[in-house]
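Protein chains: 2
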Amino acid sequence: MATMHDVARLARVSVSTVSYVLTGARPISQATRDKVLAAMEELHYQPNAMARGLASRRSRILGLLMPMDERGLGATETAFVTGAAAAASAAGYHLVLSPVGGGDLDDLRRLATQRMLDGVVLMEVQLADERVTVLQEADVPLVLIGRTGDTSGLSYVDIDFEQTVREAVGHLVGLGHRRIVYVNHSAATLATGYGPALRTRDAFVSAMTDHGLEPVMIAAEDSAAGGRAALAAAFAQAPELTAVLAMNETAIFGILGELTGRGLSVPDDVSVVSMVTSPQVAELATPALTAMTSPGSALGRIAIEALLRHLDGPGGARHQQLLPCALEIRGSTAAPRSRQLMGADK
Amino acid sequence: MATMHDVARLARVSVSTVSYVLTGARPISQATRDKVLAAMEELHYQPNAMARGLASRRSRILGLLMPMDERGLGATETAFVTGAAAAASAAGYHLVLSPVGGGDLDDLRRLATQRMLDGVVLMEVQLADERVTVLQEADVPLVLIGRTGDTSGLSYVDIDFEQTVREAVGHLVGLGHRRIVYVNHSAATLATGYGPALRTRDAFVSAMTDHGLEPVMIAAEDSAAGGRAALAAAFAQAPELTAVLAMNETAIFGILGELTGRGLSVPDDVSVVSMVTSPQVAELATPALTAMTSPGSALGRIAIEALLRHLDGPGGARHQQLLPCALEIRGSTAAPRSRQLMGADK
DNA sequence: CCGCTTCGTCGAAACGCTTCGACGCCGATT
DNA sequence: AATCGGCGTCGAAGCGTTTCGACGAAGCGG
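Chains as they are written, first to last, in this note's numbering: chain A, 1 to 346; chain B, 1001 to 1346.
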């Protein structure tokens, strides 16, 4: 492997000159530059990332820390990653994903403190998240996806759940629905302080109240069976329901299955809206689901851009931004039929 | 940030002694070791990864290169990643995922040649894959998931598709099915040299032939609509079919939907087996799918272990290994009813 | 035509660690 | 008693860059 020395020797210049050609930190004449570039070409020279990082105290590597549970990454998370990777790459940075689970806080600390990462984007932030504390103590530039309860002094990008729920409810109410059930994540998930679940819950209550409607909410396990059970519970609690708004992407297939099982048709008997769902998943269902599509790739891009800004101007202001999901109307919503317009026929 | 120098000074030993305590490269007396460890503790010392890497010419970082398309990572890939991460972590290595798309070959070369990665695991390998060539030229220790057409001189771990298909077909034939249709990925995907699709296709032909049955195969786009269309085509080609074996995890929901749409019940009228499918996805369907479950986490672990072996003994033999998927019987398969036992009633 | 920038280049000193050769010490071997 | 080999430790030489101060050569206004 050729080093800078070899290049310098071949081009008959000093090592520092080669470095300046590479980094542009000082002006170099065209003639010299050409000589150096030719030498690099000839030797297939590639700078050694470690040496560079050591000397400049910048690795040009950004970390994207994502807990990897067995669920896998949906299209939403993937869009997020690709958006972030593209933005990093455009700025000349590498983006590496590190699958840090919740348990290995020490691992996290080590990773952050070894000065291998110039900055870090943390995904799936909980309302009370120790990882944030660890990262702040390690003094590494940090941007969150999602937010903790107390966001003072933190930079984050997150989905505007308030707005998203309002829009979803608005869509259903606009179609004529009055009895709308909200299917959230499980009670256990809520208890862990999972922000999206809690925020959408509050947003749902307030949106429904604003329309003068009563909010009905059900918790569902993250599984098809959980969705089934939730729908049963929903009918027990509100027999005349005509629409379901579901936060739980995993449970939604169970909900649809159970609806079919009860001889109810979507969207004629019951309308279904899926929250924070990718088009890919929405199209899997029959009929395709009307859904609130998350701005995945934009979130990723914005997070990285904010992070890069922190690297340049360390004293800069925090970046705090919310993006709503977009309503995409597909086949699972329609005006309510039976119970509303024709009486309780079914 | 404290350096080794600071630790050495505080512990009143030389820098090299501190280093030996850390790496264990030479014996150090218990007394000295304790002094050093105490000093480290007091200063919150953390070794600088760059400096370490530069001096030792080992980064202790392994790369997992995965193309990220918009589809997202299924539970299968996720299991793979977590298996790999666990194995790497156990050996004191970091595992970073790098989302390298197909297009950025130069990006790949740069990544591999900058000596930041001690070794690399490459996922989603095609039969003819330029990335493999690039990585080989960069002279970086390499293990593939999947295989190229010519595997000489390469290490890989892959699914034993031959065996997996044989088992799936065996299951269906054992239940009494004779007319079995195989739904593969799209013709376009086949044309790109996507190994799993090609290998399962061949395996299906040979397995069916061994049973004295005629292999019927349909290509399906990777979407629910594709699955629908494929099922229609299947019925056109083999009206008396009683079982579907599907390689296309995305299309399977379309297949199920179309089956229901035609008034056919699963598994009573038609049995369905899904290939290389995670339990999570299998449970999404109603009824839950009988599936061939991929050995995701084991694949990841084995790949990393093989890679680590390469790092230690560079001259060592190649590691080439195939693992079959496990048959998990759920609700989507049963003995054929109507057409076989009761004549063509439906 | 003289001093003064500005430009382009060089040499050397970091950056924080690993690793090699050397050395003193001590107990064991002849 | 002289010799030997381990053990534990030290000092110094890298690893391949970046970056800083210095310096000669032009280019400029006066």
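Quick reminder that beta carbons are idealized off the backbone N, C-alpha and C, glycines included.
Can you list the residues of chain A that residue i reaches, using a CB-CB cut of under 7 Å?
{"i": "F1235(B)", "result": "Ordered by position in chain A, no residue passes the 7 Å Cβ test against F1235(B), which lies about 18 Å from the chain."}
{"i": "R1131(B)", "result": "Near R1131(B) there are no residues of chain A at all, since even the closest Cβ is about 16 Å away, more than 7 Å."}
Could one say the Cβ of residue i lies closer than 9 Å to chain A's Cβ atoms, at least one of them?
{"i": "D1118(B)", "result": "no"}
{"i": "D1160(B)", "result": "no"}
{"i": "A1085(B)", "result": "yes"}
{"i": "S1016(B)", "result": "no"}
{"i": "E1283(B)", "result": "yes"}
{"i": "S1152(B)", "result": "no"}
{"i": "S1089(B)", "result": "yes"}
{"i": "D1106(B)", "result": "no"}
{"i": "A1326(B)", "result": "no"}
{"i": "S1332(B)", "result": "no"}
Could you round the C-beta distance between residue i and residue j to whole angstroms and report it? I think they count as a contact, below 8 Å.
{"i": "L1231(B)", "j": "E1258(B)", "result": "4 Å"}
{"i": "L323(A)", "j": "P295(A)", "result": "5 Å"}
{"i": "E328(A)", "j": "T290(A)", "result": "7 Å"}
{"i": "N48(A)", "j": "R1115(B)", "result": "5 Å"}
{"i": "T1148(B)", "j": "D1118(B)", "result": "Not quite, the Cβ-Cβ distance comes to about 22 Å (not below 8 Å), so this is no contact."}
{"i": "L108(A)", "j": "R131(A)", "result": "6 Å"}
{"i": "I356(A)", "j": "L245(A)", "result": "Within the shown structure, residues of chain A are numbered from 1 to 346, placing residue 356(A) beyond reach of any answer."}
{"i": "A1008(B)", "j": "V1018(B)", "result": "5 Å"}
Which bits of chain B does residue i rub up against, with CB to CB less than 9 Å?
{"i": "T286(A)", "result": "A1224, R1228, F1253, G1254, L1256, G1257, E1258, T1260, G1261"}
{"i": "T113(A)", "result": "M1001, H1044, Q1046"}
Chain B partners of residue i, CB-CB under 7 Å?
{"i": "G53(A)", "result": "M1050"}
Please name the residue, chosen from the options, that lies closest to residue i on a Cα-to-Cα basis.
{"i": "F1161(B)", "options": "E1305(B), Y1093(B), V1276(B), H1319(B)", "result": "V1276(B)"}
{"i": "P336(A)", "options": "L175(A), L64(A), V132(A), E41(A)", "result": "L175(A)"}
{"i": "V1169(B)", "options": "A1128(B), A1011(B), L1213(B), T1078(B)", "result": "L1213(B)"}
{"i": "A1282(B)", "options": "A233(A), E77(A), G254(A)", "result": "G254(A)"}
{"i": "D1104(B)", "options": "I1252(B), V1134(B), A1025(B)", "result": "V1134(B)"}
{"i": "R1318(B)", "options": "A1238(B), A1243(B), V1157(B), A1224(B)", "result": "V1157(B)"}
{"i": "S186(A)", "options": "V273(A), H171(A), M217(A), H177(A)", "result": "M217(A)"}
{"i": "H1177(B)", "options": "V1272(B), P1287(B), S1265(B), H1310(B)", "result": "V1272(B)"}
{"i": "M357(A)", "options": "R26(A), T23(A), Y45(A)", "result": "Lying outside 1 to 346, the shown extent of chain A, residue 357(A) is not represented and no answer is given."}
{"i": "M66(A)", "options": "Y20(A), V143(A), V36(A)", "result": "V143(A)"}
{"i": "R60(A)", "options": "A79(A), A85(A), E221(A)", "result": "A85(A)"}
{"i": "L1127(B)", "options": "T1151(B), R1262(B), A1234(B), P1141(B)", "result": "T1151(B)"}
{"i": "V183(A)", "options": "H171(A), I145(A), V165(A), G193(A)", "result": "V165(A)"}
{"i": "Q1266(B)", "options": "M1247(B), T1286(B), A1251(B)", "result": "Position check: residue 1266(B) holds Val in this sequence, whereas Gln was assumed. Per the Cα distances, T1286(B)."}
{"i": "L307(A)", "options": "G24(A), V36(A), V140(A)", "result": "V140(A)"}
{"i": "V1173(B)", "options": "R1201(B), P1215(B), A1191(B)", "result": "P1215(B)"}
{"i": "R330(A)", "options": "M40(A), D312(A), H171(A), G227(A)", "result": "H171(A)"}
Using a Cβ-Cβ distance cut-off of 9 Å, determine whether residue i contacts chain B.
{"i": "H94(A)", "result": "yes"}
{"i": "S19(A)", "result": "no"}
{"i": "E124(A)", "result": "no"}
{"i": "S29(A)", "result": "no"}
{"i": "H5(A)", "result": "no"}
Along chain A, in chain order, which residues have C-beta atoms closer than 8 Å to that of residue i?
{"i": "L1097(B)", "result": "V96, L97, S98, P99"}
{"i": "R1110(B)", "result": "Q46"}
Cβ-heavy atom distance between residue i and the ligand ATP below 8 Å?
{"i": "D139(A)", "result": "Absent from the structure shown: the ligand ATP. Ligands present: none."}
- Query: Going along the chain, which residues of the stretch 1248-1274 of chain B sit with their C-beta nearer than 7 Å to a C-beta in chain A?
  - Reply: Here the close residues are F1253, G1257.
- Contact list for the stretch 55-68 of chain A against chain B, Cβ threshold 7 Å: S59, M68
- Residues of the stretch 1072-1083 of chain B whose Cβ lies closer than 9 Å to any Cβ of chain A, in chain order: G1072, L1073, G1074, A1075, T1076, E1077, T1078, A1079, V1081, T1082
- Task: Give the residues from the stretch 1295-1312 of chain B that approach chain A closer than 8 Å (Cβ to any Cβ), ordered along the chain.
- Result: none
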